[in-house]
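Student:
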Amino acid sequence: DTEVTQTPKHLVMGMTNKKSLKCEQHMGHRAMYWYKQKAKKPPELMFVYSYEKLSINESVPSRFSPECPNSSLLNLHLHALQPEDSALYLCASSHPGTGNGYTFGSGTRLTVV
Amino acid sequence: QQPVQSPQAVILREGEDAVINCSSSKALYSVHWYRQKHGEAPVFLMILLKGGEQKGHEKISASFNEKKQQSSLYLTASQLSYSGTYFCGLTGGTSYGKLTFGQGTILTVHP
Chain A
1 DTEVTQTPKH LVMGMTNKKS LKCEQHMGHR AMYWYKQKAK KPPELMFVYS
51 YEKLSINESV PSRFSPECPN SSLLNLHLHA LQPEDSALYL CASSHPGTGN
101 GYTFGSGTRL TVV
Chain B
1 QQPVQSPQAV ILREGEDAVI NCSSSKALYS VHWYRQKHGE APVFLMILLK
51 GGEQKGHEKI SASFNEKKQQ SSLYLTASQL SYSGTYFCGL TGGTSYGKLT
101 FGQGTILTVH P
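If you're matching them up, the sequences are chains A and B in order. Last residue of the first sequence: number 113 in this note's numbering, and the count goes up by one each step with no gaps. Last residue of the second sequence: number 111 in this note's numbering, and the count goes up by one each step with no gaps.
Right under this line is the structure:
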């Protein structure tokens, strides 16, 4: 299995809703990432997990809450989002260290209404 | 700090060559290259570690000049399937796990 699977593919939520994005990989990668991508822009790093521990938080607002239950799963819990949070949310994984390429999932397209 | 890519867009005919450049004002440890087609995930092409190496992947290759803090992606004899947005991503030696992408270069290949 050489894929990163993200669910759901599309999500529409109200500003008072609570929802979660899920990401799963079975490649034995011990580093996992959340990126946010706006239209016609590059992916922007949000969080990095290494060996199931949060190692980087790029000053992301607390309405985004990441969770890594085990080495194969990564969640992003969403609460009280704003319309400007609408974007494509990408999950990626890699072997830890700066010498390894990332495998990206196809993303969750989030719309906040 | 975000790397700078040039050009912003390239239009080619099948069989033509292109070069995409990526530069940084900070010291580099590694350079990643990805291609993203519209509505799809970015796909990893190759990684270059500091040491000035050049790598090849079929008709796509890249170089990394550590002293100039630059990398270039070379696409030769382009195919329609090469169309997409190309991103370079940089990591610094002290920024473990932090991959920062350039703004992207849109490559369009016409028949």
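Beta carbons: idealized from backbone N, C-alpha and C, even for Gly. Since we're looking at a predicted model, the values are computed, not measured.
Taking 7 Å as the cut-off, is the C-beta of THR85/B nearer than that to any heavy atom in the ligand MN?
Tutor: No copy of the ligand MN appears in this structure; indeed no ligand is present at all.
Student: If we cut at 8 Å on Cβ distances, does THR103/A have a partner in chain B?
Tutor: In the first sequence, counting from the first residue as 1, residue 103/A sits at position 103. At least one chain B Cβ lies under 8 Å of THR103/A.
Student: Counting Cβ pairs, one atom from each stretch, are 3 or more of them under 8 Å apart for the region 1-9 of chain B and the region 19-28 of chain B?
Tutor: yes
Student: Where does LEU80/B fall in DSSP's three states?
Tutor: Position 80 of the second sequence, counted from the start, is the residue given in the question as residue 80/B. Helix at LEU80/B.
Student: Compare the C-beta of PHE87/B against all C-beta atoms of chain A and say whether one is closer than 8 Å.
Tutor: Translated into the one-based positions of the second sequence, residue 87/B becomes position 87. It does; some Cβ of chain A falls within 8 Å.
Student: Answer yes or no: does any C-beta atom of chain B fall closer than 8 Å to that of LEU45/A?
Tutor: On the first sequence, residue 45/A is found 45 positions in, with the first residue counted as 1. By this cut-off, LEU45/A is an interface position.
Student: In this structure, does DSSP put PRO69/A in helix, strand or coil?
Tutor: As a working note, residue 69/A is residue 69 in the first sequence. Three-state result, PRO69/A: strand.
Student: Give me whichever residues DSSP pairs with TYR34/B in a beta bridge.
Tutor: As a working note, residue 34/B is residue 34 in the second sequence. The partner list for TYR34/B (beta bridge, DSSP) reads PHE44/B, PHE87/B.
Student: Just to check my reading of the structure: GLY107/A and LEU90/A have Cβ atoms closer than 8 Å, yes? What is that Cβ distance to the nearest angstrom?
Tutor: Looking up residue 107/A in the first sequence gives position 107. Looking up residue 90/A in the first sequence gives position 90. The pair is a contact, with the Cβ atoms about 5 Å apart (cut-off 8 Å).
Student: Counting pairs of beta carbons, one from the region 7-21 of chain B and one from the region 63-76 of chain B, are three or more of them closer than 8 Å?
Tutor: Short answer: they touch.
Student: Identify every residue that forms a DSSP beta bridge with ALA87/A.
Tutor: Reading the first sequence from its first residue, position 87 is the one you call residue 87/A. Per DSSP, LEU110/A.
Student: Note down, in chain order, each residue of its chain lying with its Cβ closer than 6 Å to the Cβ of ILE11/B, except the 5 sequence neighbours on either side.
Tutor: Numbered from its first residue, the second sequence carries residue 11/B at position 11. Leaving aside the five residues that flank ILE11/B on each side, the residues in its chain whose CB is nearer than 6 Å to its CB run, in chain order, THR108.
Student: For LEU99/B, which three-state DSSP category applies?
Tutor: As a first step, residue 99/B must be located in the second sequence, where it is residue number 99. Coil at LEU99/B, not helix or strand.
Student: Classify ARG63/A as helix, strand or coil using the three-state DSSP reduction.
Tutor: Taking the first residue of the first sequence as position 1, residue 63/A is located at position 63. Three-state DSSP puts ARG63/A in coil, outside helix and strand.
Student: So, for MET13/A: in the same chain, excluding its five sequence neighbours on each side, which residues have a beta-carbon less than 8 Å away from its beta-carbon?
Tutor: Along the first sequence, read from residue 1 onward, the residue named residue 13/A stands at position 13. These residues qualify, in order along the chain: LYS19, LEU78, LEU81, LEU110, THR111, VAL112, VAL113.
Student: Give a yes or no on whether the C-beta atoms belonging to LEU74/A and CYS23/A are separated by under 8 Å.
Tutor: Within the first sequence, residue 74/A is the residue found at index 74, counting from 1. Within the first sequence, residue 23/A is the residue found at index 23, counting from 1. Closer than 8 Å, so yes.
Student: Interface residues of chain B around PRO42/A at Cβ under 7 Å?
Tutor: By one-based count along the first sequence, residue 42/A stands at place 42. What PRO42/A touches in chain B: PHE87, PHE101, GLY102, GLN103, GLY104.
Student: Do you know how far the Cα of GLU67/A is from the Cα of GLN103/B?
Tutor: Here residue 103/B refers to the residue found at position 103 of the second sequence. Here residue 67/A refers to the residue found at position 67 of the first sequence. Between the alpha carbons of GLN103/B and GLU67/A lies a gap of roughly 28 Å.
Student: Could you run through the region 26-40 of chain B and flag, in chain order, every residue whose CB is less than 7 Å away from some CB of chain A?
Tutor: TYR29, SER30, HIS32, GLU40
Student: Give the secondary structure of LEU73/B by DSSP, where H, G and I count as helix, E and B as strand, and everything else as coil.
Tutor: Taking the second sequence and counting its residues from 1, the one referred to as residue 73/B is at position 73. In the structure shown, LEU73/B sits in a strand (DSSP, three-state: E or B).
Student: Residues in the same chain with beta-carbon distance under 6 Å from HIS10/A, minus the five sequence neighbours each way, listed in chain order, please.
Tutor: In the first sequence, the residue the question calls residue 10/A occupies position 10. Contacts found: ARG109.
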